[in-house]
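Here is the structure we will look at, set down as structure tokens.
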Amino acid sequence: MDTALIPKGVKRCPMWQFLLGLGIVGAVLLWGVYAMLLCWFKGLNQTNMNDYYGFALWIWADLAVIALGGGAFFSGLLRYIIGKDELKHIINYAVLIGFICYSSALLILAIDIGQPLRGWFIFWHANVHSMLTEVAFCLSCYFAVLTIEYIPLILENRQLDKVPFFHNLSHNMHEIMAVFAATGAFLSFFHQGSLGGVAGVLFGRPFAFREGLLIWPWTFFLFTWSAAAYGPCFTLLITWITEKVTRKKLVKDNVIELLAKISGWMIFTYTIAKICDTTRWANITAPGLGQNLADFYTGNAFYGYWILFAEIVLGGVVPAIILISAGLRKHPTWRVVAFFLGVMGVSLNRWVMVLQVMAVPILPFDTWALYYPSWQEVATTLLPVAYGIILIMISYRYLPIFPQEAELNPIEEETSTAVEAHTKSAPDLEPAKA
Amino acid sequence: MFPFSFEWLWDAGHIVFHGGLWYALNIIGIGMTYCIIKAVIDTSKGKGGHGHH
């Protein structure tokens, strides 16, 4: 039915199977859209946010997908600026994942601001004293860059590529992609950092506050660093999931191992910096502001020392050791364990820096303020997940996302035809003689 | 957002924030304009037929 649209040399599942998959994920998407419309039409009273929680599940999801989408800018930096040529075999997928993450982040923000029709105010009436203004600028611009990086991939669709203008446009965009990649890295550095900076400048909340360099608290640098470190982990985890779902090898091991190794060293250095930061904060910064470590991890039903351990040790030290050790990194199971722990670690870090910050009591008469999301918040947070799966399904089916797929999964019929044609074209050839 | 906006001030905050924004938007805009114009020229010269890359 849609054979003419499917890339050459690869095989895809039957149409009914594809539509069934789309239908199942589409149901979750519709549930999210319904919740989103409730939030837009009835207002933010549909959420469990309150005076304690101006930032809640949405902002955690926002920060998490932005960190996980960091694989796009960091892989682009490695491929186009630093010149790691092997990564050309995974960069398309990194861009697609980044595009999904950033469009999801913008969608979540559009729900969170309550009145999306006034979303443009942040540009027009910009508050230049707010780190979030810089986040909004960079996020929007970087989403434009990701769209530019995704467009050539769409234009390489088998049918679109036959149109000379589209073919030339795609070719030209590829030629100057390094310029866009460099712009993307510049924008990412600042918006990832500013998201961390938002927490770090909260001098009234000792749990979040950090000293820093000039106007930038240490969390600014830690957030950028962690996005560059863990973003590729997410790209690799989604690649692994895609391989399991399609039951195909899509990217060669040397490419996976290279990106895993770089990610491992980035996580390792980030974790050292994070441990130094935590040590200083626990012993100097927080006591200087009148609170100590026990105030942040005791006296409530949920936030204990386990969360600190899970974030730094399980989500930092363990994946770093696995990915920088050649033996463990080459072992497929350990590698995936590291990817999973890494993704969990950075998501937990964002959770802590958004939600635990709000939960910790800061006044003598105050108590812990725990929060659980409403179903509307959960549904609207699952909405981007469903949207992402659908976009991956459609892109994988119709676009040449994985350049090595045809080579790694030769189609029987074509292989035998090719061998036959080769034999027929050179019937008189003899084996080479030494 | 623009210097002619009533709330605009010629201070460091506005210059740095909006300077950065316009810098990025210009690179994106000029880059895409270049790609599109070159694609139009290439297409008018007959490049990009099926099988060409």
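In order, the protein sequences belong to chains F and X.
Residues in the first sequence are numbered from 1 upward in steps of one, following the working numbering.
Residues in the second sequence are numbered from 1001 upward in steps of one, following the working numbering.
A virtual CB, placed ideally from N, CA and C, is assigned to each residue, including glycine.
Check the Cβ of G1019 of chain X against every Cβ in chain F and list those closer than 8 Å, keeping chain order. Indexing the second sequence from 1 puts residue 1019 of chain X at position 19. Under the 8 Å cutoff, chain F gives no residues; its nearest Cβ is about 11 Å from G1019 of chain X.
Bridge partners for W216 of chain F per DSSP, in chain order? Residue 216 of chain F sits at position 216 when you count from the first residue of the first sequence. Looking at the DSSP assignment, W216 of chain F forms a beta bridge with F:L213.
Other residues of its chain near V317 of chain F: CB distance less than 7 Å, five sequence neighbours each side excluded: Along the first sequence, one-based indexing puts residue 317 of chain F at 317. If we look at V317 of chain F and ignore the five residues flanking it on each side, its Cβ neighbours are T271.
Cutoff 9 Å: T1033 of chain X Cβ touching any chain F Cβ: Taking the first residue of the second sequence as position 1, residue 1033 of chain X is located at position 33. No, T1033 of chain X lies away from the interface with chain F (no Cβ there is under 9 Å from its Cβ).
Neighbouring residues, chain X, relative to H129 of chain F (Cβ below 8 Å): Within the first sequence, numbered from 1, the residue matching residue 129 of chain F stands at position 129. Near H129 of chain F (Cβ distances below 8 Å), the residues of chain X are G1013.
Residues in the region 222-241 of chain F having any Cβ partner in chain X nearer than 7 Å: none
Among F:T278, F:A320, F:E311, F:K248, which one has its Cα closest to the Cα of L259 of chain F? For the purposes of this step, residue 259 of chain F is taken as residue 259 along the first sequence, with counting starting at 1. Checking every option, the nearest Cα to that of L259 of chain F belongs to F:A320.
Please report the straight-line C-alpha distance between W16 of chain F and K249 of chain F, rounded to a whole angstrom. As a working note, residue 16 of chain F is residue 16 in the first sequence. As a working note, residue 249 of chain F is residue 249 in the first sequence. C-alpha separation (whole angstroms): 23 Å.
If we count Cβ pairs, one from each stretch, closer than 8 Å, do we get three or more for the region 232-240 of chain F versus the region 279-297 of chain F? no
Please name the residue in F:Q192, F:A182, F:I362, F:H191 whose C-alpha comes closest to that of S75 of chain F. Translated into positions along the first sequence, residue 75 of chain F becomes position 75. For the residues F:Q192, F:A182, F:I362, F:H191, the minimum Cα distance to S75 of chain F belongs to F:A182.
Just the C-alpha distance for V128 of chain F and G1013 of chain X, rounded to the nearest angstrom, thanks. As a first step, residue 128 of chain F must be located in the first sequence, where it is residue number 128. As a first step, residue 1013 of chain X must be located in the second sequence, where it is residue number 13. Distance between the alpha carbons of V128 of chain F and G1013 of chain X is about 5 Å.
For a test of the three-state rule: what should DSSP assign to Y387 of chain F, helix, strand or coil? Here the question's residue 387 of chain F lines up with position 387 in the first sequence. In the structure shown, Y387 of chain F sits in a helix (DSSP, three-state: H, G or I).
If you follow the alpha helix (DSSP H) that I141 of chain F is in, where does it begin and where does it stop? Position 141 of the first sequence, counted from the first residue, corresponds to residue 141 of chain F. Just to set this straight, residue 141 of chain F is Cys in the shown sequence, not Ile. Here the alpha helix (DSSP H) through C141 of chain F covers 131-155.
Counting contacts by CB-CB distance shorter than 9 Å, is C276 of chain F in contact with chain X? Here the question's residue 276 of chain F lines up with position 276 in the first sequence. No, no contact with chain X.
Report all residues from its chain with a CB closer than 7 Å to the CB of Q376 of chain F; omit the five preceding and five following residues, and keep chain order. Counted from its first residue, the first sequence places residue 376 of chain F at position 376. The residues are A35, L38, C39, Q46, T47.
Taking the C-alpha atoms as reference points, what is the distance between S245 of chain F and G388 of chain F? The residue labelled residue 245 of chain F in the question sits at position 245 within the first sequence. The residue labelled residue 388 of chain F in the question sits at position 388 within the first sequence. A quick correction: the sequence has Val, not Ser, at residue 245 of chain F. If you take the alpha carbons of V245 of chain F and G388 of chain F, they lie about 15 Å apart.
Closer than 9 Å to chain X by CB, P164 of chain F: On the first sequence, position 164 is the one that residue 164 of chain F refers to. Yes, P164 of chain F lies at the interface with chain X (some Cβ there is under 9 Å from its Cβ).
Got a sec: is the Cβ-Cβ distance from C141 of chain F to anything in chain X below 9 Å? Start at 1 with the first residue of the first sequence, and residue 141 of chain F comes out as number 141. Interface residue, yes.
Taking a Cβ distance cut-off of 8 Å, strictly less, list which residues of the region 142-157 of chain F are near chain X, in chain order. A144, V145, I148
G119 of chain F to E211 of chain F, Cα distance in whole Å? Position 119 of the first sequence holds residue 119 of chain F. Position 211 of the first sequence holds residue 211 of chain F. Each residue's Cα considered, the two are about 32 Å apart.
Three-way DSSP call (helix, strand, coil) for T437 of chain F in this model: Residue 437 of chain F falls outside the range modelled here, since chain F spans only 1 to 434, and no answer is possible.
Under 7 Å by beta carbon: chain X residues contacting V179 of chain F: The count along the first sequence starts at 1 and reaches residue 179 of chain F at position 179. Neighbours of V179 of chain F on chain X, chain order: I1027, G1031.
Among F:F339, F:A144, F:P361, nearest to I262 of chain F - alpha-carbon criterion: Position 262 of the first sequence, counted from the first residue, corresponds to residue 262 of chain F. Taking only the C-alpha atoms, the option nearest I262 of chain F is F:F339.
Helix, strand or coil for N48 of chain F per DSSP? To locate residue 48 of chain F, count along the first sequence from 1; it is residue 48. Coil, per DSSP.
Could you tell me whether the Cβ atoms of I59 of chain F and V354 of chain F are closer together than 9 Å? As a working note, residue 59 of chain F is residue 59 in the first sequence. As a working note, residue 354 of chain F is residue 354 in the first sequence. Yes.
With 16 as the cutoff for other CB atoms within 10 Å, does W435 of chain F come out buried or exposed? Only positions 1 to 434 of chain F appear in this structure, which leaves residue 435 of chain F out of reach.
Cβ pair C141 of chain F, I1037 of chain X closer than 9 Å: For the purposes of this step, residue 141 of chain F is taken as the residue at position 141 of the first sequence. For the purposes of this step, residue 1037 of chain X is taken as the residue at position 37 of the second sequence. Their beta carbons are not under 9 Å apart, which means C141 of chain F does not touch I1037 of chain X by this criterion.
Can you round the beta-carbon distance between L187 of chain F and V145 of chain F to whole angstroms, since I take them to be within the 8 Å contact cut? Position 187 of the first sequence, counting from 1, holds the residue named residue 187 of chain F. Position 145 of the first sequence, counting from 1, holds the residue named residue 145 of chain F. Yes, L187 of chain F and V145 of chain F are in contact; Cβ-Cβ is about 7 Å, under 8 Å.
Option nearest A227 of chain F by Cα separation, candidates F:M344, F:L213, F:R247: Indexing the first sequence from 1 puts residue 227 of chain F at position 227. Considering only alpha carbons, the answer is F:M344.
Limits of the unbroken alpha helix (DSSP H) element including L109 of chain F: As a working note, residue 109 of chain F is residue 109 in the first sequence. It spans 91-112 - the alpha helix (DSSP H) in which L109 of chain F sits, taken as one unbroken run.
Beta-carbon of C101 of chain F versus every beta-carbon of chain X: anything under 9 Å? One-based indexing of the first sequence puts residue 101 of chain F at position 101. So, not an interface residue.
Output, in chain order, the set of chain X residues within a Cβ distance shorter than 7 Å of F123 of chain F. By one-based count along the first sequence, residue 123 of chain F stands at place 123. The answer, in chain order, is M1001.
Does the beta carbon of M49 of chain F sit closer than 9 Å to a beta carbon anywhere in chain X? Position 49 of the first sequence, counted from the start, is the residue given in the question as residue 49 of chain F. No, its Cβ sits nowhere closer than 9 Å to a Cβ of chain X.
Which residues in the same chain have their Cβ closer than 7 Å to the Cβ of W281 of chain F, if we skip the five residues on either side of it in sequence? As a first step, residue 281 of chain F is located in the first sequence; it is residue number 281 there, counting from the start. Same-chain partners within the cutoff: R210.
So which residues on chain X does L399 of chain F lean against when the C-beta distance must stay under 8 Å? Residue 399 of chain F sits at position 399 when you count from the first residue of the first sequence. Neighbours of L399 of chain F on chain X: none; closest Cβ ~16 Å, over 8 Å.
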